[in-house]
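Worksheet: one structure, shown below.
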Amino acid sequence: MSVIIVPCSGIGKSYGTVTREAAYLVVDELRPDDTRIVPLSLLVLGDTEAQAAVRDAQVITLDGCKLACATVNVSQAGGAAAREFTVLDCYRRHKDMKPQGIAELNEGGLALARALAEEVAQAAAELEGGHHA
Amino acid sequence: MPSLPQRKVGIVACSGEEMAEGTVTRLAALKVLEELRPSDTVTICLPLFLAGGEGDRAFAKFYPTIAVDGCEKRCAARATELYSNTPAVSIVLDDVLAERGLARPQGLRRLTPESQPVVDALAEAIAAEVDNLMASRWSRAEGKVLEPETPAKVSSAGCACGSGIPVTRVQVDGRAVEIMALDPILEMAYGQGLRAATDGGERKKPGFFRETRFLEPPPQLMDTVRLYNTFPAEDDAYYTEAVRIAWQGFCAAKEQIHG
Chain F
21 MSVIIVPCSG IGKSYGTVTR EAAYLVVDEL RPDDTRIVPL SLLVLGDTEA
71 QAAVRDAQVI TLDGCKLACA TVNVSQAGGA AAREFTVLDC YRRHKDMKPQ
121 GIAELNEGGL ALARALAEEV AQAAAELEGG HHA
Chain L
4 MPSLPQRKVG IVACSGEEMA EGTVTRLAAL KVLEELRPSD TVTICLPLFL
54 AGGEGDRAFA KFYPTIAVDG CEKRCAARAT ELYSNTPAVS IVLDDVLAER
104 GLARPQGLRR LTPESQPVVD ALAEAIAAEV DNLMASRWSR AEGKVLEPET
154 PAKVSSAGCA CGSGIPVTRV QVDGRAVEIM ALDPILEMAY GQGLRAATDG
204 GERKKPGFFR ETRFLEPPPQ LMDTVRLYNT FPAEDDAYYT EAVRIAWQGF
254 CAAKEQIHG
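Each protein sequence line maps, in turn, to chains F and L.
Here my numbering is used: the first residue of the first sequence is 21, the next is one more, and so on.
Here my numbering is used: the first residue of the second sequence is 4, the next is one more, and so on.
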């Protein structure tokens with residue numbers, strides 16, 4: 021069973037773009053076989069298929085700000101995030117990777133997204149390991 | 004004197020991550036915010052309607068919003084309506100693709116270079132709606148656009164593509180249609196009509212009949228308009244009616260100026 025990745029994809033700050041970029045990195049490059057994205061817009065709308073997906077699978081949320089839209093919306097949909105990541109926490113661990121830009125991230129933002137993606141991929145591997153155990 | 008909040012239009016993009024169309028809505032919204040209409044717009048995170056506070060949910064009541072969706076599920080429009088208020092305008096990318104004859108965008112994390120015109124076209128469509136909303140009256144009590152006190156059926160602005168070609172927007176049965184180069188065409192037709200009328204001796208006004216009734220547009224007017232515009236066959240009647248309305252408004256304005 022795939023681990024579900026839910027990025028906040030916030031549109032007002034660079035951090036939202038970092039979550040989107042990191043989510044794509046995980047599902048496209050790092051863990052393409054056992055992860056997939058569920059769009060947050062579908063959860064907000066109350067799409068039954070998306071809601072069922074986050075209720076029935078292990079979910080990792082990626083949030084760009086303290087409002088934690090991804091985590092809150094997964095919870096509202098009846099799911100529970102198995103792991104919650106925030107860009108700010110990741111940035112505190114990588115102060116040299118300052119993200120800038122929203123439509124297009126700068127080098128720091130892209131590097132931060134990759135660092136976050138690697139942490140998420142590691143978490144996905146652990147969740148999948150637990151699932152198979 | 005109290006400082007009143009500046010009038011803004013909110014843009015809610017679906018940003019759907021699983022399809023290229025979602026990425027297009029996001030990039031188009033950002034293009035409007037950062038480049039095309041930076042002082043008139045704000046963007047709103049769609050999930051904030053659920054995760055945020057009452058203030059976030061009430062946004063669409065206090066400000067007109069444009070929902071921009073990548074597919075017919077219309078997550079942005081429906082969620083905005085569900086949690087806040089009916090969007091003032093709802094744009095679905097499919098409609099823009101059909102209107103402009105553009106190919107479906109490709110790429111998720113990175114759009115293909117061929118998809119950039121789709122982002123540009125959608126951004127132009129959003130910007131045009133921003134202009135309409137900024138020009139309209141918004142009721143904060145009712146959370147909807149009010150009918151204009153003096154109905155303005157015809158408005159003109161420069162084309163968003165930056166070509167300098169004026170674009171005239173005409174309201175027909177509540178629907179806005181855009182016609183390129185209409186103003187200079189009307190000016191030319193009016194001038195030609197004026198010359199034809201004065202050739203016979205007594206000077207007559209080409210647009211009016213005895214100051215009280217409009218004449219129909221000259222028959223060649225639509226042919227000239229079609230030189231600069233391509234209209235979908237099924238919408239031809241709309242555009243013909245739009246040109247008729249614009250012609251009558253144009254003539255009326257001329258008569259007011261010239262007496």
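For every residue, glycine included, the Cβ atom is placed at its ideal position computed from N, Cα and C.
For residue j and residue i, the rounded distance between their alpha carbons
i        : j        : result
Leu114/L : Arg75/F  : 31 Å
Gly56/L  : Met22/L  : 29 Å
Pro338/L : Glu146/F : In the structure displayed, chain L extends from 4 to 262; residue 338/L sits before or after that span and is not available.
Thr233/L : Glu75/L  : 26 Å
Ser93/L  : Gly58/L  : 22 Å
Gly146/L : Pro27/F  : 31 Å
Leu136/L : Gly36/F  : 28 Å
Glu127/F : Pro119/F : 8 Å
Ala135/F : Ala249/L : 58 Å
Thr171/L : Ala192/L : 16 Å
His261/L : Pro220/L : Here His261/L scores only 46 on pLDDT, less than 50, and its place in the model should not be relied on; the value that follows carries that caveat. Going by the C-alpha atoms only, they are around 19 Å apart.
Phe212/L : Gln174/L : Residue placement at Phe212/L cannot be trusted, given a pLDDT of 42 that sits under 50; the coordinates are not used to answer.
Ala97/F  : Gly66/F  : 7 Å
Arg112/L : Glu237/L : 37 Å
Lys257/L : Leu224/L : 17 Å
Leu1/L   : Leu82/F  : Nothing can be reported for residue 1/L, as the shown portion of chain L is limited to 4 through 262.
Ala137/F : Glu104/F : 13 Å
Arg40/L  : Gln109/L : 26 Å
Ala255/L : Gly32/F  : 46 Å
Asp97/L  : Arg113/F : 42 Å
Leu108/F : Asp116/F : 13 Å
Ile69/L  : Ser18/L  : 14 Å
Rounded distance between the beta-carbons of residue j and residue i, thought under 8 Å
i        : j        : result
Glu20/L  : Arg40/F  : 6 Å
Gly129/F : Cys85/F  : Not quite, the Cβ-Cβ distance comes to about 15 Å (not below 8 Å), so this is no contact.
Ile188/L : Thr227/L : 5 Å
Leu49/L  : Val122/L : Contact doesn't hold; Cβ gap of about 18 Å is too wide.
Ile25/F  : Arg56/F  : 7 Å
Leu51/L  : Leu132/F : Actually they do not touch by this definition, with Cβ atoms about 22 Å apart.
Ala32/L  : Val71/L  : 6 Å
Opening and closing residue of the beta strand (DSSP E) in which residue i lies
i        : result
Ser18/L  : No beta strand (DSSP E) contains Ser18/L, which DSSP labels as neither H nor E.
Phe105/F : Ala101 to Thr106
Arg56/F  : Thr55 to Ile57
Thr81/F  : Val79 to Asp83
Gln174/L : Pro169 to Val175
Asp72/L  : Thr68 to Asp72
Thr46/L  : Thr44 to Thr46
Val228/L : Val228/L -> not in any beta strand (DSSP E); alpha helix (DSSP H) instead, spanning Gln223 to Tyr231.
Val23/F  : Val23 to Pro27
Classification of residue i by the beta-carbon crowding that lies within 10 angstroms, buried from 16 upward
i        : result
Pro120/L : exposed
Thr68/F  : exposed
Lys11/L  : buried
Ala240/L : exposed
Glu139/F : buried
Met21/F  : exposed
Gln251/L : buried
Gly196/L : buried
Ala141/F : buried
Arg229/L : exposed
Ala155/L : Interpretation of Ala155/L is limited by its pLDDT of 49, a score under 50 that renders its predicted location unreliable; the figure taken from the coordinates is listed afterwards. When all chains shown are included, Ala155/L counts as exposed.
Ala143/F : buried
Glu214/L : Confidence is the limiting factor: at Glu214/L the pLDDT is only 43, short of 50, which leaves the residue's position unreliable and the question unanswerable from this model.
Tyr44/F  : buried
Within 8 Å, strictly: CB atoms of residue i and residue j
i        : j        : result
Glu24/L  : Gly73/L  : yes
Leu60/F  : Ala102/F : no
Arg140/L : Val148/L : yes
Phe62/L  : Ser42/L  : no
Val64/F  : Leu53/L  : yes
Leu125/L : Val27/L  : yes
Ala79/L  : Val35/L  : no
Val23/F  : Asp54/F  : yes
Val38/F  : Leu125/F : yes
Ser34/F  : Gly99/F  : no
Glu37/L  : Ala123/F : yes
Ile182/L : Ala91/L  : no
Ile168/L : Ala184/L : yes
Val95/L  : Arg77/L  : yes
Terminal residues of the alpha helix (DSSP H) in which residue i lies
i        : result
Pro120/L : Gln119 to Ala138
Asp3/L   : Outside the displayed span of chain L (4 to 262) sits residue 3/L, for which this structure offers no information.
Val94/F  : Cys89 to Gln96
Asp98/L  : Leu96 to Arg103
Glu181/L : Segment Arg178 to Met183 is the beta strand (DSSP E) holding Glu181/L; no alpha helix (DSSP H) there.
Ser87/L  : No alpha helix (DSSP H) holds Ser87/L; DSSP gives it neither H nor E.
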